[in-house]
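Q: Mapping of the sequence shown onto numbering that gives the first Met the number 0: residues 0 to 85, in sequence order.
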Amino acid sequence: MKRRDFLRTMSLASVGSLIPCQLAAANTRYSSLQIETPRHGAVLNRRHGRTSEKGLEIAVTGRAPAGRVLVNGIAAERDGERFTAR
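(1) Quick one: any contact between the segment 53–71 and the segment 32–39, if contact means 3 or more CB pairs under 8 angstroms?
(2) Find the nearest neighbour of residue 47 within the set 38, 40, 57, 67, judged by alpha-carbon distance.
(3) Can you tell me whether residue 65 is buried or exposed? The criterion is at least 16 other CB atoms within 10 Å of its CB, across all chains shown.
(4) Short of 8 angstroms in beta carbon distance, which residues of its chain neighbour residue 83, apart from the five on each side in sequence? Order them along the chain.
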C-alpha cells in the first residue's frame, strides 16, 4: 500500500469514528432541560449562596418538561415547567 493510500484510508476512518460523537453531542445540545441559574461557567463565591460544611449551597433554577428533576440527588421543587433546587 502506498503512503498516500494509507493516509487517505486512515483519514476517512478517523472522520467516520468522529461522526457518531458529533451526532450524540448534537442530540444532547438541544435538550429540553434548561438550567437558567447559575449560568454555565459562572464563578461562584459565598455571596451567591450559603456556606456549609459540605461547601457552597446555591439555588439552581431552570425549566424542564413534566417529571421529576434531581439536582445532586435531591428532588427539585416544581411550578409548572419551572424548577428550583436548593
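All residues carry an ideal CB built from backbone N, CA and C; glycine is no exception. All of these numbers come straight from a predicted model, not from anything done at the bench.
A: Short version:
(1) Because the criterion of three Cβ pairs below 8 angstroms is met, the segment 53–71 and the segment 32–39 touch.
(2) If we check each option's Cα against that of residue 47, 57 comes out closest.
(3) With fewer than 16 other Cβ atoms within 10 Å, it is exposed.
(4) So the list reads 58, 59, 60, 75, 76, once near-sequence residues are dropped.
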